[in-house]
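Here's the structure we're looking at; comments come further down.
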Amino acid sequence: MSLFDQKALLMSIHPFDLLGERMIEKLMTQMDIAYYPKETVLIAPRVRAESLYIIIKGIVNETIEGELQNVYGERDSFDANSLIYGNTQSTFSVAEDLICYELPKEFFLGLLQDVEPFQNYFMQDFITKHQNLKERQHQNELTPFMVSRVDEIYLHTPCFVEAQTPIREALQQMADQNANVILVKKGEEIGIVTDTNLREKLLLSDKSRNDPIHEIATYGLITIERSDFLFNALLLFTKHGVKRLIVVENDTIVGILEQLDLLSHFANHTHLIAASIDRAVSIDELQNAQRSLTHLVRSLTTKGVRVRYVSKLVSELNAKVYRKVFEMVVPAEFQDKCALIVMGSEGRGEQILRSDQDNALIVRDGENLQTYEPYMMQLNEYLLQLGFPKCSGNVMVSNPYWRNSVSGYQNKITEWSQTLSEEALMGLSIFLDAHCVAGDETLLRECQNYLFEHFEGRSDILAHLAKAALAFETPLSLFSGFVLGRAEHGSELDIKKGGIFAIVHGIRILSLEYKIMYTNTTERIKELNNLGLFDKRFASELIEAYDTLLSIRLRFILGQKQGYNAQNYVNPKLLSKAERDLLKDAFKIINTFKKFLTYHFHLGMVV
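Per our numbering, residue 5 is the first one in the sequence shown, and the count goes up by one each step.
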């Protein structure tokens, strides 16, 4: 290898790319190239590390007491920890003839002292290293969604008036203060008067301008903390379909955030999609609104927005679609007597691009179920037209099994818990992620309360449910680093079976045990941490691992050719070195989580 190639190689490897060209040239004068045959032990508890190894060609396995911990290949380095701390529990042995650079211990430790970013890389914990590696992937893109806060954008000064102030006088105060809205103080309650209120409750009604302002105000303000992120403000605008948010600090109103100001700050088209859905009066108009979703997802991910935030936004937009279709097909007199629910990834708020439908209907006890059949058949047909694929397991409102009364679902819950068949366990798992998108949400809450009460103290059933999280092996191999598929997916691994499912399902069953109402996986992990089941570090590691898997899967989905449908398959060879590192570390966290589940639920005793 020429000096030019050697320099180019080092400058392409993180964290050596942090050193700068002159430092790289100095480093090259200190390194040697070495060869080691297969089965050579390089570092072990009784074999001191004297160099940092940087692999040019070959494979090295790291084991602890014979159990594989990591596999190192081309462009990987090891073992900084042995050099920094002077000892190790690991054994590093050559699995495939090795050609590598050797950087002497003294020079490496000197670099740590002299170059702070280089030191930070090796001294960081798992979570910090993951976050920094992810940020590096988007370092050429600004990420305003993730770093901008509400207090960094222009906030309009509120115009406060008392409840009995005449409308004419209140409008004059608003004009004098150059305000866009009026906030009305009525005792402990605060209302708002906007241009919509003036149009609908004053101009188009028989109200007099001398009437008190509180008579045309709207109450139940939607607020956001001044210190919160602007992206969360965008979620609130999307969810509630409002034009303004009331900004508070320590429960005191400090300003008003206008949607137009936010949108000019972000310059994306989320508001146009949401507004198109709200205005739609036909399925054709809804289809036009839906076509922009894929572009939105691609735009947000390109800007570095984390997948879990993108999925929240997309879930809010999808919920609007469900609600709009529900209102189109179900007569108004029946809408408050039932609840349309979504389950699966949609119910967890984690669906980004269209996957199979998972929806159901809960009808109030005493109502005639047959009344709703034609409406649900039409609703399912409309969803298919809008691009929501048919569920292969027929978990849809068009299936009578998933149209039932509150007591009917309670009977199903009892039946599922008694039979413990594969179908019953599947039904339970699906229902645990249920989220109401239209109708009376209290009907779902009744079912969920029954579900939690029914499983209280039922460790035997919980163990059977939890065991499914171990159904698929984590795809880390002894030789190549990853276990790949066969036949048509021979160069790929199934990232859902290999990792996503274990986290989703394991956390889902723990949430059932601890009566956690959240359906989103990340929110469930945070709540389990709050309850003391996980310490904060492990909870953060689980969230990072889950985010990594979803991010990598989304990248491959967006890069697929049209007509190619393999949403869960990832080719590790198409990942960057940083992404492969992230994926390997994520799989290690998943293995740790599986061990936790095995211990917590005593899964070794479950047949």
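Heads up, the beta-carbon is just placed ideally off N, CA and C, and yes, glycines get one too.
Being a predicted model, the structure only gives us computed values, none of them experimental.
Query, Result
"Cross-strand partners of Thr256 (DSSP beta bridge)", "Glu253"
"Pairwise C-alpha distance: Asn91 and Arg52", "7 Å"
"DSSP-derived helix/strand/coil call for Gln361", "coil"
"Spatial distance of Val410 from Leu373 (CA atoms)", "11 Å"
"Segments of 3+ residues assigned as beta strand (DSSP E) that fall wholly inside the segment 158 to 233", "163 to 166, 186 to 190, 193 to 197, 227 to 229"
"Of the residues Tyr89, Gly24, Ser86, Thr95, the one placed nearest Val75, counting alpha carbons only", "Thr95"
"Euclidean distance between Cα positions of Glu29 and Phe82", "21 Å"
"Validate contact between the segment 353 to 367 and the segment 399 to 413 using beta carbons, cut 8 Å, 3 pairs", "yes"
"Beta bridge counterpart(s) of Ile68 as assigned by DSSP", "Glu71"
"Option nearest Pro576 by Cα separation, candidates Gly245, Leu532, Asp498", "Asp498"
"Alpha-carbon spacing of Glu166 relative to Thr198, whole angstroms", "16 Å"
"Arg283 versus Lys316: straight-line alpha-carbon distance, rounded", "22 Å"
"Nearest neighbour of Thr305, chosen from Val574, Leu562, Leu586, Leu46 [CA to CA]", "Leu562"
"Contacts around Gln263, its chain only, beta-carbon distance under 6 Å, and the 5 residues preceding and following it disregarded", "Phe241, Lys247"
"Alpha-carbon spacing of Ala174 relative to Lys190, whole angstroms", "14 Å"
"Burial state of Glu145, where buried means 16 or more other Cβ atoms lie within 10 Å", "In this prediction, Glu145 scores a pLDDT of 40, lower than 50, which makes its location untrustworthy; no coordinate-derived value is stated."
"Beta-carbon separation (whole angstroms), Leu1 vs Val441, contact threshold 8 Å", "It is not possible to answer for residue 1, since the shown part of the chain is limited to 5 through 611."
"Beta strand (DSSP E) segment containing Thr95, residue limits", "95 to 108"
"Inter-residue CB distance, Ile60 and Cys104 (contact presumed, cutoff 8 Å)", "6 Å"
"Coarse secondary structure for Val333, derived from DSSP in three states", "helix"
"Best match in Leu72, Met400, Ile63, Arg302 for proximity to Glu78 [C-alpha to C-alpha]", "Ile63"
"Segment contact, 8 Å Cβ cut-off, at least three pairs: the segment 152 to 166 with the segment 182 to 196", "yes"
"Nearest-angstrom Cα separation, counted from Met15 out to Gly24", "8 Å"
"Beta carbon of Met27 nearer than 8 Å to that of Val119", "yes"
"Chain-order list of residues whose beta-carbon lies under 8 Å from that of Leu266 (same chain, five-residue window excluded)", "Ile157, Leu234, Ala237, Leu238, Phe241"
"Through-space distance from Ile228 to Thr200, alpha-carbon basis", "21 Å"
"Secondary structure, beta strand (DSSP E): runs of 3+ residues fully inside the segment 358 to 433", "363 to 367, 407 to 409"
"Alpha-carbon to alpha-carbon, Asp255 and Gly443", "31 Å"
"The segment 33 to 47 touching the segment 101 to 115, judged by at least three CB pairs closer than 8 Å", "yes"
"Boundaries of the beta strand (DSSP E) in which Ile37 is found, first to last residue", "36 to 40"
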